[in-house]
DNA sequence: TTTACATTTGGTTGTTTTACCAAATAAGCA
DNA sequence: TGCTTATTTGGTAAAACAACCAAATGTAAA
């Protein structure tokens, strides 16, 4: 792997990492419905304003959102809306995992191993 | 946001976080081409075997991959192949960011501000 | 049944992330 | 102008992460 490839994969990982936090992912999902100001987002997040601001700034620096100040408020919106197209697939991962757990449990029952635990 | 929604968003963020590391993202991309054993992946990664193993185990715990031991080797594969479908969109984010930088620089030139920096 | 190989686990350390508080900044309004 | 509201920035402590080394495990082959 050469330097260019390495830089590319790092950049991509960085975008995914930005979305890899519950608060930030939630924010991105909210913004999929259109731009919101910080205060609107904050209404539904139980965290300090400064924390919220830092999450937004991280999303911005990762290139996921852009901000625009209008009057007293700052509005954020998704820079590239496709960013949430893959949620169905992420959910499929979760479902596959859940199914694995169910299968495991059912095997246990079949084998009668629950009783001995 | 209720508990169930909270748990769901945390689970989804966890999958994204798992992919949000260059080594792990690279591994996932490799596995998109079919299963590989640890040693095959390791060939192209400059890190301790134990580090590699831990990255794989994190991907597994996030539900992104599954492993199977065959003989002396352990083979990993993507559990839900769609997981990489969104790379084009991630790349679009990077490109949008790059474009912003280019625009910024061009404005600077137009305004002749480079000289005064 | 030793020996060698492939991989994982446990422990440690340095780095990064996250959250909070307090203080700074920026804009509109009295 | 001075006040209030909206948001960001700086500092700090606690938690999580990533990498390494050494040691353990499981499997195959000698």
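Chains as they are written, first to last, in our numbering: chain A, 33 to 149; chain B, 33 to 149.
C-beta atoms are modelled at their ideal positions from N, C-alpha and C, and glycine is treated no differently.
Since this is a predicted model, take the numbers as computed values, not measurements.
What are the residues that DSSP puts in a beta bridge with residue i?
i, result
"residue 105 (chain B)", "B:102"
"residue 68 (chain A)", "A:108"
"residue 1 (chain A)", "A question about residue 1 (chain A) goes unanswered here, because the residues of chain A that appear run from 33 up to 149."
Whose C-beta lies closer than 7 angstroms to the C-beta of residue i among residues of the same chain, with five residues either side of it excluded?
i, result
"residue 35 (chain B)", "none"
"residue 57 (chain A)", "51"
Spatial neighbours of residue i within its chain, please: C-beta separation below 8 angstroms, excluding the five flanking residues on both sides.
i, result
"residue 135 (chain B)", "none"
"residue 106 (chain B)", "69, 70, 99, 100"
"residue 74 (chain A)", "81, 84"
"residue 130 (chain B)", "none"
"residue 60 (chain A)", "51, 91, 96, 97, 110, 115, 116"
Would residue i be called buried (16 or more neighbouring beta carbons within 10 Å of its own) or exposed?
i, result
"residue 81 (chain A)", "exposed"
"residue 87 (chain B)", "buried"
"residue 53 (chain B)", "buried"
"residue 117 (chain A)", "exposed"
"residue 182 (chain A)", "Summary: the structure shown does not reach residue 182 (chain A), with chain A confined to residues 33 through 149, and so no result is reported for it."
"residue 38 (chain B)", "exposed"
Between which two residues does the alpha helix (DSSP H) carrying residue i extend?
i, result
"residue 60 (chain A)", "54–63"
"residue 35 (chain A)", "35–51"
Excluding five sequence neighbours on each side, which residues of the same chain lie with their C-beta closer than 6 angstroms to the C-beta of residue i?
i, result
"residue 124 (chain A)", "none"
"residue 109 (chain A)", "63, 67"
"residue 126 (chain A)", "none"
Figure out for me which residue from the options has the closest Cα to the Cα of residue i.
i, options, result
"residue 45 (chain A)", "B:127, B:119, B:93", "B:119"
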